[in-house]
Structure formats: structure tokens, C-alpha cells
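Colleague:
In our numbering, the protein residues as written are 22 to 509.
(1) Going straight from the alpha carbon of residue 509 to that of residue 503, what length do you get?
(2) Would you tell me roughly how many angstroms separate the C-alpha atoms of residue 261 and residue 345, rounded to the nearest one?
(3) Could you tell me whether the stretch 132 to 139 touches the stretch 87 to 97, where touching means 3 or more Cβ pairs closer than 8 Å?
(4) I'd like to confirm the pairing. Which residues does DSSP put opposite residue 458 in its beta bridges?
(5) How many Å lie between residue 192 and residue 215 at the Cα?
(6) Residue 25: buried (16+ other C-beta within 10 angstroms of its C-beta) or exposed?
(7) Taking DSSP as the reference, what is the three-state secondary structure of residue 107?
(8) Along the chain, where does the alpha helix (DSSP H) that runs through residue 137 open and close?
(9) Note down the Cα distance separating residue 203 from residue 315, rounded to an integer number of angstroms.
(10) Can you list, in chain order, the stretches of the alpha helix (DSSP H) that have 4 or more residues and sit fully within the stretch 462 to 487?
(11) Taking the alpha-carbon positions, what's the residue 266 to residue 301 distance?
(12) For residue 246, count the other beta carbons within 10 Å of its own beta carbon; 16 or more makes it buried, fewer makes it exposed. Which is it?
(13) Closer than 6 Å by C-beta to residue 83: which residues in its own chain qualify, once you throw out the five before and the five after it? Chain order, please.
(14) With a Cβ-Cβ cutoff of 8 Å, do residue 142 and residue 117 count as a contact?
(15) Below 8 Å on the Cβ atoms is my guess for residue 97 versus residue 121; work out the distance and round it to an integer in Å.
(16) Exposed or buried, residue 415, counting other C-beta atoms within 10 Å across all chains shown (16 or more means buried)?
(17) What ranges does the beta strand (DSSP E) occupy inside the stretch 367 to 412, keeping only unbroken runs of at least 3 residues that lie completely in it?
(18) Can you tell me which of the three DSSP states residue 365 falls into?
(19) How is residue 439 classed by DSSP in three states: helix, strand or coil?
(20) Is the stretch 465 to 477 touching the stretch 282 to 294, taking contact as three or more C-beta pairs under 8 Å?
(21) Consult DSSP for residue 93 and reduce its assignment to one of helix, strand or coil.
(22) If you pair each beta-carbon of the stretch 374 to 393 with each one of the stretch 418 to 434, do three or more pairs fall below 8 Å?
(23) Note down, in chain order, each residue of its chain lying with its Cβ closer than 6 Å to the Cβ of residue 398, except the 5 sequence neighbours on either side.
(24) Does the pairing of the stretch 438 to 453 with the stretch 401 to 414 give three or more beta-carbon distances under 8 Å?
(25) Can you look up residue 234 in the DSSP assignment and give me helix, strand or coil?
(26) So, residue 200 versus residue 225, is the Cβ gap smaller than 8 Å?
(27) Short of 7 Å in beta carbon distance, which residues of its chain neighbour residue 14, apart from the five on each side in sequence? Order them along the chain.
(28) Are residue 465 and residue 488 closer than 8 Å when you measure CB to CB?
(29) Bridge partners of residue 415, per DSSP?
(30) Going by DSSP, what residue range makes up the alpha helix (DSSP H) through residue 329?
(31) May I ask you to report which of helix, strand or coil DSSP gives residue 489?
(32) With a Cβ-Cβ cutoff of 8 Å, do residue 213 and residue 241 count as a contact?
(33) According to DSSP, simplified to helix, strand and coil, what is residue 23?
(34) Residues in its own chain within less than 8 Å of residue 468 by CB, not counting five upstream and five downstream?
(35) I'd like the list of long-range same chain contacts for residue 169, defined as Cβ closer than 7 Å, with 5 residues on each side in sequence excluded.
(36) Apart from the five residues just before and just after residue 339, which ones in its own chain have a Cβ nearer than 8 Å to its Cβ?
What follows is the structure in C-alpha cells.
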């Protein structure tokens, strides 16, 4: 029977069983096993999340050495490897192109970087993506001594490293991976001098993500050279002890072709959130990035000055996220030129009920004035309302008001379905994400099994829509920006 299955179907089925069962299944018929080995598909990407899986993988490839060269991607997480076990991986799987190891609970601090470098040298010429969270043992050891000419994606969390000087060495090591296009750094300080050094070493950089970082100014006094290839700048959970306007001024001179600007939470030394009131630096930045398409800012209120800068610069945003004082920001947005180009709107830290309070009809009409709106997300904090019952969203009215919608995502709310027939909605909606959602179908009032039947009715009314139900907290942070950052 197994040899009658199309190869792609067999591979899909095997992806649902354990590594041990996969091997036993493949050994049932040698010709099938040979065909799969020849394709290499089943071995190209390996994910390890338990010590037993790691031991099984190690034993399998030690036995079947002819398969070792087929593996291209290896992701390991949720387990701690001692440094010597870690060092065996390149010899075992020499052709890895994408490697990820997440070990923030027991980071390695005691190791010989030259010894580690020697062990990982087989990957120096093959890696195009490297991610290490905890102690970046392989990344620091390799980049300190040899070139990684193919590396294009580098994602490092330095949470397990002690000493700023050790961390700062990374900025110099970046000269050994000049083709990097996407850089993600966590738990490291960065001065303006470091930024200049970083961009000098990475002339092809397109995406820069800095999370849980300190941003001291340093002593930089020069004129920044343009980083013309930079398209996406992402900052989150950052601490700026000096004047943030000077950082924003630096960015305005550095990134003339910026398309995506995402500024998350700013914090003080006690990790309490900060909201900045002086928007001069931000306005200056906006005026220097006419190609901007995505704007998200959690530590600045959207002010008339910012909206004026967007419009006067000729910026045509495709996506915007409103967070701090979103209700007031939305009223400014609706009066701006941006509504003619927007296709995606995210409203955060406030519920639908909060946005529509005492003005629901007007709010829906304003949403409808964004004629090309395809994606709408209202991403509130669960503390903003007492419970889903207090946050009622009228599906019928929303779909009628915004006929262009293709995806809708909300959390902690009650979705009210007023339609009393089984006739499907006339809508373009193809994706509906409901996180911690109650369904209130008025046509089913008083009926048994109302909860289950409400889901059936919703699918009947939206036959062409992929409906996803989530529990509260299931949605990963910055999910909607993953396609830009391409980082975990």
C-alpha cells in the first residue's frame, strides 16, 4: 500500500508522526525509502524540541551517514546542550544553511571560542541564516575568526552574555558577514557610533530589528552616510536615557529609502512604559522618508503635526497601527490624505466598544470611508473591558460598512450575528481570526447547543472564509509584521 501513495502525500503524512515512526515506515519498502532519500525532502528541515528527539536524531544520522548531507535546516529549542555536544553538530550535518538554537534558560558562558570556531567551520561557508538566543556561542566564535560569506539573516539574543565589552565586540565582528540583509539584536546597547560601524560593515542591510536595547547617544558628531538599502526599522522595549530626538534626527539622515517604521514600547530604567510628547524629532524623520508605507508607533501619540508631515511629504501609507490614544488618532487619520492609500489598519490597546462608544454608526461610516481597506485588526488589552460580553461587535453592520474587507482579526469580544436566515454574506472576507470570542447569533436565541450551532451558522454565512478560533494569548506579538521582519 505504501508504494501506491504519491510521494508528496506520503511525505505529508509522515510529517505528523514521530522521527522513530518515520524511519520504521520508510524501511517497509526499500524502493520507497530510496525514492524519498533521493528527493531529500523529508530530511531537509529538522526541528528538535526534546532531549529524546535530539538523541534520536544524533543516533540516526550517525548510522545513516549518507543522509547527513541532505539536511539544510536545523532548529533546536527548549533543550539545553552542553558546549561539547553543541560542537558535534557541524561534523554531523555539514551542509546546514539555516540554523536556529534557542536556549535562554541555561546559556553557555565557559567555552574556548577558538575551539568552538574550529568545530563550526564547516558551516562558515554554507550558512545563510543563523539564530542564537541565550549565549550566541557559534555566532561570536565564528565571526570573531572567520568569514561567513553567505550569511544573510543574523538573529541574536545576548541575554546570557556578561559584560558590555564582550557584547560590543559584535559590532566589529560584523565585518565578517557583509552580505547580511536582516539583522535582529536583543539585549545589547547601541550608540550612534555603533550604528555607523554596523552599517559600514553591512552595506546590504535591509531590515534592522533592535529589541530590549539601550540607546545611549555616545559621542558621535559626524554626518551619517546614507544606508540606502535599509527598508525596515523595528524598535521595541528600548531605553533611551538621552534625548530621543537626536536618535530620530540621526535616522532622518541615515535612512532615505525607509518603507517600514515600527516603533514599539519605550521604557524607563524601571521597565515602566514611556510616552513621548515632543514630536519634533519624529516629524523631522517623517519628512525625510517619502517612501514610507507602514507606520506603527506605540510611544508617540498621532498628532496633527505628524499627520501634516505625512500628507505634505506626499507619503501614501498602506498600513498604519494606532495605539496610544487610538480614539483621537483615528479621528485625525480619517481627515487626512492617508485614507486614500490605506489597505490595512490596526487599532491597539482599545476595544471595538471603546472606539465606537456613543458613536457606533459614525465609527462604522468612518471605517467605510477608507475605500481600499482590506485588513482590519482591533488588538485590545484584556484589561480594557471587563469581559467579552461587554465588547459587542455587530458583524452584519461591519461587513456592510466595509465591503472591501478581506481579513478581520479581533480579541476578547462578542461577535453579534443579526442575520436570521442562512443566506451567506456578500463579502470578500477570506480570513477571520477570533481570539477569546463569544458568538451571539440572534437567530438561535433559546435553542439548545447554541454555542456549537453558532459556529456552524457563522461558517454557513461565511462559506468562503477561513475562520480561526484562538484562546486569549495565543496570538504571538508582532504577528502581523512577521512577513517584514522574517525573524523569529
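Note that CB positions come from ideal geometry on N, CA and C, so glycine has one too.
Modeller: In brief:
(1) Because the pLDDT at residue 509 is just 47, under 50, the model does not fix this residue reliably, and the value given afterwards should be weighed accordingly. So the alpha carbons of these two residues sit roughly 8 Å apart.
(2) 19 Å
(3) no
(4) 434
(5) 7 Å
(6) With a pLDDT of only 41 at residue 25, under 50, the local geometry of the prediction cannot be trusted, and no value is derived from it.
(7) helix
(8) 134 to 145
(9) 18 Å
(10) 471 to 482
(11) 7 Å
(12) exposed
(13) none
(14) no
(15) 7 Å
(16) buried
(17) 396 to 400
(18) strand
(19) coil
(20) no
(21) coil
(22) yes
(23) 367 and 430
(24) no
(25) coil
(26) yes
(27) No information on residue 14 is available, as it lies outside the stretch 22 to 509 that the chain covers here.
(28) no
(29) 437
(30) 325 to 333
(31) strand
(32) yes
(33) With a pLDDT of only 39 at residue 23, under the threshold of 50, the placement of this residue in the model should not be trusted; the figure read from the coordinates follows. Residue state, collapsed to three classes: helix.
(34) 474
(35) 145, 148, 163, 197 and 198
(36) 314, 315, 362, 363, 364 and 365
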